[in-house]
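A quick write-up on the structure given underneath.
Protein chains: 2
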Amino acid sequence: MEVKVYANVMKANDRIADQIRTLLDKYNIFAINFISSPGSGKTTLLESLIPHFISQNIRPAVLEGDLATSVDAERIKKLDIPVHQINTGSGCHLDANMIFHPIQDLPLDTIDLLLIENVGNLVCPTGFYLGENMKIAMVSVTEGDDKVLKYPLIFHVSEALILNKIDLIPYTNFNKDKFYQYCAQVNPKVKIFEINAVKGDGVNALVEWILERMKRTEPMRN
Amino acid sequence: MEVKVYANVMKANDRIADQIRTLLDKYNIFAINFISSPGSGKTTLLESLIPHFISQNIRPAVLEGDLATSVDAERIKKLDIPVHQINTGSGCHLDANMIFHPIQDLPLDTIDLLLIENVGNLVCPTGFYLGENMKIAMVSVTEGDDKVLKYPLIFHVSEALILNKIDLIPYTNFNKDKFYQYCAQVNPKVKIFEINAVKGDGVNALVEWILERMKRTEPMRN
Numbered sequence: 238m239e240v241k242v243y244a245n246v247m248k249a250n251d252r253i254a255d256q257i258r259t260l261l262d263k264y265n266i267f268a269i270n271f272i273s274s275p276g277s278g279k280t281t282l283l284e285s286l287i288p289h290f291i292s293q294n295i296r297p298a299v300l301e302g303d304l305a306t307s308v309d310a311e312r313i314k315k316l317d318i319p320v321h322q323i324n325t326g327s328g329c330h331l332d333a334n335m336i337f338h339p340i341q342d343l344p345l346d347t348i349d350l351l352l353i354e355n356v357g358n359l360v361c362p363t364g365f366y367l368g369e370n371m372k373i374a375m376v377s378v379t380e381g382d383d384k385v386l387k388y389p390l391i392f393h394v395s396e397a398l399i400l401n402k403i404d405l406i407p408y409t410n411f412n413k414d415k416f417y418q419y420c421a422q423v424n425p426k427v428k429i430f431e432i433n434a435v436k437g438d439g440v441n442a443l444v445e446w447i448l449e450r451m452k453r454t455e456p457m458r459n
Numbered sequence: 238m239e240v241k242v243y244a245n246v247m248k249a250n251d252r253i254a255d256q257i258r259t260l261l262d263k264y265n266i267f268a269i270n271f272i273s274s275p276g277s278g279k280t281t282l283l284e285s286l287i288p289h290f291i292s293q294n295i296r297p298a299v300l301e302g303d304l305a306t307s308v309d310a311e312r313i314k315k316l317d318i319p320v321h322q323i324n325t326g327s328g329c330h331l332d333a334n335m336i337f338h339p340i341q342d343l344p345l346d347t348i349d350l351l352l353i354e355n356v357g358n359l360v361c362p363t364g365f366y367l368g369e370n371m372k373i374a375m376v377s378v379t380e381g382d383d384k385v386l387k388y389p390l391i392f393h394v395s396e397a398l399i400l401n402k403i404d405l406i407p408y409t410n411f412n413k414d415k416f417y418q419y420c421a422q423v424n425p426k427v428k429i430f431e432i433n434a435v436k437g438d439g440v441n442a443l444v445e446w447i448l449e450r451m452k453r454t455e456p457m458r459n
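Protein sequences, first through last, are from chains A and B. Okay, so the first sequence: first residue is 238 according to this note's numbering, each after it adds one. Okay, so the second sequence: first residue is 238 according to this note's numbering, each after it adds one.
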């Protein structure tokens with residue numbers, strides 16, 4: 238019985254996600270769902286990416302998912318782009334229903350790129366399609382080189398994997414060879430970007446790749 | 238309807254957790270449920286703690302929760318104590334049912350302290366009582382100083398909060414004053430330990446505190 242209810246929940250989620258996709262298509266908006274552990278640097282990455290997109294005449298907007306606080310949305314707000322904070326309470330992921338109304342409250346005709354920062358969680362957000370064009374996963378070197386192996390699901394369904402905080406490698410036991418070996422095992426197709434989101438190192442290559450990917454607008458499903 | 242099913246699931250979990258508690262009481266075993274994000278350093282902390290307990294004639298055993306691999310259990314196995322790995326597949330937390338049989342497969346009459354390393358996730362494990370005496374939460378400085386605010390639930394129900402990787406503070410923008418201020422806001426009673434699990438700095442104080450806490454054997458419920 239529990240499985241049946243779960244199936245219904247997923248069906249209900251996908252129905253709303255499809256409506257979101259239709260809405261995004263109508264306004265020609267490309268959407269990215271960013272997923273990582275808490276504190277991997279998702280918000281800092283967005284702060285680093287957004288000025289690049291603006292300088293390329295791509296108009297971004299952001300949805301911020303968190304259990305509590307509007308700390309992240311306030312950081313994004315300073316970049317003077319549309320942003321909504323979604324507080325999930327005890328919810329461990331964003332689902333389509335949570336973002337359905339916030340998306341409609343955005344000025345959709347002034348947006349080219351919707352950046353969705355999911356709740357910090359390397360497990361639960363994986364299964365919930367939000368109508369996005371692609372998922373990008375992120376892991377920071379301070380989390381260790383084995384995260385791809387131990388939390389494989391999200392890395393299966395992500396088109397890109399960002400390795401953040403590379404400046405901290407010298408102070409950790411992170412083994413880059415092992416990391417790439419594990420990535421090849423879990424998802425040989427995933428595109429990997431090494432970055433330092435605080436300083437912006439490596440962000441250019443990621444921006445170029447996203448801009449190229451935006452030309453192929455097909456949505457990706459899990 | 239979904240709420241009702243969820244309630245039943247929680248009731249079923251608590252019924253099994255109570256059976257686990259009864260079993261642990263029978264063998265006079267104290268149990269700790271360690272909860273953190275992926276890569277905060279739970280396994281490294283256990284590797285650091287275990288020799289201290291052994292030297293104090295406390296006999297530990299470990300249950301390792303992960304989506305996939307037996308990497309963590311293999312690390313603990315080297316310390317020559319009983320350990321079982323529990324792979325949850327896509328499961329985002331341990332529940333009582335998952336550990337019920339693995340616990341019974343441990344040599345219970347040779348164990349004083351059961352260390353349960355939950356799946357790396359700062360949200361979902363919070364609500365699932367496993368029959369433990371207490372929860373200990375962990376956050377590493379590289380995750381940022383705001384995690385307690387943004388993921389408050391786990392910090393409400395934990396007796397101790399470990400701040401790990403304190404040696405990396407100089408290379409990050411972690412603000413210790415803010416961190417303590419946020420902790421005081423969310424749970425003024427929580428006992429905070431600053432440690433470097435890799436080098437063992439600060440672990441002595443944590444061991445002493447756990448040994449004291451073990452004298453008060455009452456189980457803690459959410």
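The beta-carbon is built from N, C-alpha and C at its ideal position, and this holds for glycine as well.
Alanine 305 of chain B versus chain A: which residues are under 8 Å apart at the beta carbon? Position 68 of the second sequence, counted from the first residue, corresponds to residue 305 of chain B. Within chain A, the residues near alanine 305 of chain B are Leu386, Lys387, Tyr388 and Pro389.
Next item on the list: Below 6 Å CB to CB, which residues in the same chain sit around leucine 345 of chain A once its five sequence neighbours on both sides are set aside?
Entry: Mapped onto the first sequence, residue 345 of chain A falls at position 108. Answer for leucine 345 of chain A: Tyr264, listed in chain order.
| query | What are the boundary residues of the alpha helix (DSSP H) that includes valine 299 of chain A? | reply | By one-based count along the first sequence, residue 299 of chain A stands at place 62. Per DSSP, valine 299 of chain A belongs to no alpha helix (DSSP H); it is in the beta strand (DSSP E), 297-303.
| Who pairs with lysine 372 of chain A in a beta bridge, going by DSSP? | Along the first sequence, one-based indexing puts residue 372 of chain A at 135. Answer is A:Asn270.
Problem set entry | Pair within 8 Å by beta-carbon distance, phenylalanine 290 of chain A and methionine 375 of chain A | Your numbering for residue 290 of chain A matches position 53 in the first sequence. Your numbering for residue 375 of chain A matches position 138 in the first sequence. Taking 8 Å as the Cβ cut-off, phenylalanine 290 of chain A and methionine 375 of chain A do not qualify as a contacting pair.
(request) For threonine 379 of chain A, decide whether its Cβ has a neighbour in chain B, counting only Cβ atoms nearer than 8 Å. (result) For the purposes of this step, residue 379 of chain A is taken as residue 142 along the first sequence, with counting starting at 1. Threonine 379 of chain A counts as touching chain B.
With a threshold of 16 other CB atoms inside 10 Å of the CB of glycine 294 of chain A, please say whether the residue is buried or exposed. Locating residue 294 of chain A in the first sequence gives position 57, where the first residue counts as 1. Note that residue 294 of chain A corresponds to asparagine in the displayed sequence, not to glycine. With fewer than 16 other Cβ atoms within 10 Å, it is exposed.
Would a check of beta-carbon distances place tyrosine 408 of chain A closer than 8 Å to chain B?
Within the first sequence, the letter at position 171 stands for residue 408 of chain A. Tyrosine 408 of chain A counts as touching chain B.
Say whether chain B places a C-beta atom closer than 8 Å to the C-beta of alanine 254 of chain A.
For this step, residue 254 of chain A is matched to residue 17 along the first sequence. With 8 Å as the cut-off, alanine 254 of chain A does not count as an interface residue toward chain B.
**Asked** Taking all protein chains shown into account, do 16 or more other C-beta atoms lie within 10 angstroms of the C-beta of methionine 238 of chain B, making it buried, or fewer, making it exposed?
**Response** As a position in the second sequence, residue 238 of chain B is number 1, starting the count at 1. With a pLDDT of 40 at methionine 238 of chain B, under the threshold of 50, the modelled position of this residue cannot be trusted; read the value that follows with caution. Answer is exposed; the Cβ neighbour count stays below 16.
TODO: Would you identify the three-state DSSP class for arginine 458 of chain B, choosing helix, strand or coil?
DONE: On the second sequence, residue 458 of chain B is found 221 positions in, with the first residue counted as 1. Reliability of the predicted coordinates at arginine 458 of chain B is poor, the pLDDT of 48 falling under 50, and no value is obtained from them.
> In chain B, what lies closer than 8 Å to glycine 437 of chain A by C-beta?
Replying inline: One-based indexing of the first sequence puts residue 437 of chain A at position 200. Per Cβ cutoff of 8 Å: no residues; glycine 437 of chain A is ~15 Å from chain B at best.
Original post:
In terms of residue numbering, what span does the alpha helix (DSSP H) encompassing valine 423 of chain B cover?
Top reply: Stepping through the second sequence from its first residue, residue 423 of chain B is reached at position 186. Segment 413-423, the alpha helix (DSSP H) holding valine 423 of chain B.
Worksheet item: If the cut is a Cβ gap below 9 Å, which residues of chain A does glycine 357 of chain B touch?
Response: Taking the first residue of the second sequence as position 1, residue 357 of chain B is located at position 120. Ordered by position in chain A, the residues that pass the 9 Å Cβ test against glycine 357 of chain B are Ser274, Leu359, Val360, Glu380, Lys384, Lys387 and Tyr388.
### Message
If I follow the unbroken beta strand (DSSP E) through asparagine 324 of chain A, where does it start and stop?
### Response
As a position in the first sequence, residue 324 of chain A is number 87, starting the count at 1. Its beta strand (DSSP E) spans residues 320-324.
- prompt: Looking at the structure shown, is lysine 248 of chain B part of a helix, part of a strand, or coil, going by DSSP?
  reply: Translated into the one-based positions of the second sequence, residue 248 of chain B becomes position 11. If DSSP states are grouped into helix, strand and coil, lysine 248 of chain B belongs with the helices.
- Item | Beta-carbon spacing of glycine 437 of chain A, glutamate 380 of chain B below 8 Å | Taking the first sequence and counting its residues from 1, one reaches residue 437 of chain A at position 200. Taking the second sequence and counting its residues from 1, one reaches residue 380 of chain B at position 143. Contact flag unset, no.
Original post:
Within 10 angstroms of its Cβ, does alanine 434 of chain B collect 16 or more other Cβ (buried), or is it exposed?
Top reply: If you number the second sequence from 1, residue 434 of chain B lands on position 197. The residue in question, alanine 434 of chain B, is buried, as its Cβ has 16 or more Cβ neighbours within 10 Å.
Give the residues of chain A in contact with cysteine 461 of chain B, contact being defined as C-beta atoms less than 7 Å apart.
In this structure chain B extends from 238 to 459, so residue 461 of chain B is not present and cannot be described.
Practice task
Please name the residue in B:Gln418, B:Lys248, B:Pro407 and B:Val378 whose C-alpha comes closest to that of asparagine 181 of chain B.
Solution key: Chain B is shown from 238 up to 459; residue 181 of chain B falls before or after that span and cannot be answered.
Margin query: For a test of the three-state rule: what should DSSP assign to lysine 387 of chain A, helix, strand or coil?
Written below: Counting from 1 along the first sequence, the entry for residue 387 of chain A is found at position 150. Residue state, collapsed to three classes: helix.
(request) Could you check which residue in A:Asp404, A:Leu286 and A:Phe365 has the C-alpha nearest to that of asparagine 245 of chain A? (result) For the purposes of this step, residue 245 of chain A is identified with residue 8 of the first sequence, where counting begins at 1. It is A:Phe365 whose Cα lies nearest to the Cα of asparagine 245 of chain A.
Against chain A, with Cβ distances strictly below 8 Å, would lysine 402 of chain B count as a contact?
As a position in the second sequence, residue 402 of chain B is number 165, starting the count at 1. It does; some Cβ of chain A falls within 8 Å.
*Just tell me which of B:Val356, B:Ser395, B:Asp309 and B:Asn358 has its CA closest to the CA of isoleucine 373 of chain B.*
Within the second sequence, residue 373 of chain B is the residue found at index 136, counting from 1. Residue B:Ser395 is the option with its Cα nearest to isoleucine 373 of chain B.
> What residues in its chain sit with their C-beta under 6 Å from that of glutamate 301 of chain B, if we drop five residues either side in the sequence?
Replying inline: In the second sequence, the residue the question calls residue 301 of chain B occupies position 64. The residues are Asp309, Ala310, Gln322 and Glu354.
Spatial distance of glycine 439 of chain A from threonine 281 of chain A (CA atoms): Working through the first sequence from its first residue, we reach residue 439 of chain A at position 202. Working through the first sequence from its first residue, we reach residue 281 of chain A at position 44. Each residue's alpha carbon lies about 13 Å from the other.
Next on the checklist: Give me the subset of the stretch 324-335 of chain A whose CB atoms are less than 7 Å from a CB atom of chain B, sorted by chain position.
Outcome noted: Ser327 and Cys329
Item checked: Cβ neighbour criterion (16 or more within 10 Å) applied to threonine 363 of chain A -> The sequence position of residue 363 of chain A within the first sequence is 126, counting from 1. That one is buried.
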